[in-house]
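Colleague:
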Amino acid sequence: MRFAVEAQPSTRTRLPRAERMEQTLMAAHALFAERGFTAVTMDDVAAAVGVTKPLLYNYFGNKERLYLACLEQSADLLVSTVVDAVAAADRPADALGDGIRAFFAFVAEDRSSWAVLFDETIPSNGEIAERVSQYREQILAAVAGASLQHFPADRREQVRVETEALATAILGATEALARWWLRNDTIPASYAAELLIATIQPGLRQVSELPDTTSGEPNP
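Numbering-wise, the working numbering comes out as the position in the sequence shown, counting from 1, plus 851.
#1: Any contact of the region 947 to 965 with the region 1039 to 1047, i.e. 3+ C-beta pairs under 8 angstroms?
#2: Would Q874 be called buried (16 or more neighbouring beta carbons within 10 Å of its own) or exposed?
#3: Helix, strand or coil: how does DSSP classify E1068 here?
#4: Select from A997, H880, R868, Y918 the residue whose C-alpha is nearest the C-alpha of V930.
#5: Are the Cβ atoms of A884 and A966 separated by less than 8 angstroms?
#6: Just to confirm before moving on: does the CB-CB distance between E971 and E915 stay below 8 angstroms?
#7: Looking at the secondary structure, which residues open and close the alpha helix (DSSP H) in which T875 lies?
#8: Quick check for students: name the residue ranges of the beta strand (DSSP E) that lie wholly in the region 983 to 1061, counting only runs of 3 or more.
#9: Does the beta-carbon of R1006 have 16 or more other beta-carbons within 10 angstroms, so that it is buried, or is it exposed?
#10: Mapping DSSP to helix, strand and coil, what is P974?
#11: Could you tell me the alpha carbon to alpha carbon distance between F955 and M877, rounded to whole angstroms?
#12: Output the residue ranges of the alpha helix (DSSP H) runs that lie fully inside the region 909 to 940 and measure 4 residues or longer, sorted by chain position.
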């Protein structure tokens, strides 16, 4: 489910609780994506959904909890998109590159989810910052783990450290390049992905070709 949804004008239509909460999440997601966490108030969200602020607090507790609910859905979408792409690769050297392509395709298709997940206005500490850090670690672990599955089982421990190190560096570079692309939007997202892949490809190949220390032969 993508979140390219604009905040809706106020309405007092009675809906079941589950539907009203889903409507609230969609409206809040759109507002957080457009304005950032800091600029959005619970009054803004209540007005967009057409409910009272006390009802909004009853649903989610506070703005932080509401943001976390939006964040969770965005993060789950990104994680599944990238991990599926990495898992489908044929070779270890291709896995992280396919993850980069999937990351940029996600950003291009769903800018609002990117804006919520990588919002630069969120507090630098506290529950939201901790959850964002956890999602980044989840992405890293999932991508590195999926990449390792492309190595023979008896070689995975040998290349684990290098694969995890590369995944960490690549995620940081991918985030930075995605921010640049969103600010400038002068080249297609797919081309930005290929620029990054071309830069890091030698390192990806080198890891996949590390010699097997158990046999003394290079990995084919």
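For glycine and all other residues, C-beta sits at the position ideal for the given N, C-alpha and C. Keep in mind that this is a model prediction, so the values were computed, not measured.
Modeller: Looking at the atomic coordinates:
#1: Between the region 947 to 965 and the region 1039 to 1047, the count of Cβ pairs shorter than 8 angstroms is three or higher; the stretches touch.
#2: It is buried - the Cβ of Q874 has at least 16 other Cβ atoms within 10 Å.
#3: Only weak support is given to the placement of E1068: the predicted model assigns it a pLDDT of 49, under 50, and the value that follows is read from those uncertain coordinates. Strand, per DSSP.
#4: Looking at A997, H880, R868, Y918, the one whose alpha-carbon comes closest to that of V930 is A997.
#5: It is a contact, given that the beta carbons lie within the stated cut-off.
#6: Their beta carbons are not under 8 angstroms apart, which means E971 does not touch E915 by this criterion.
#7: Annotation: the continuous alpha helix (DSSP H) that includes T875 extends over 868 to 886.
#8: Counting only runs of 3 or more, we get nothing.
#9: R1006 sits buried, since 16 or more C-beta atoms from the chains shown fall within 10 Å of its C-beta.
#10: In the structure shown, the three-state DSSP call for P974 is coil.
#11: Our two residues, F955 and M877, have alpha carbons roughly 23 angstroms apart in a direct line.
#12: The region 909 to 940 contains these whole alpha helix (DSSP H) runs: 914 to 938.
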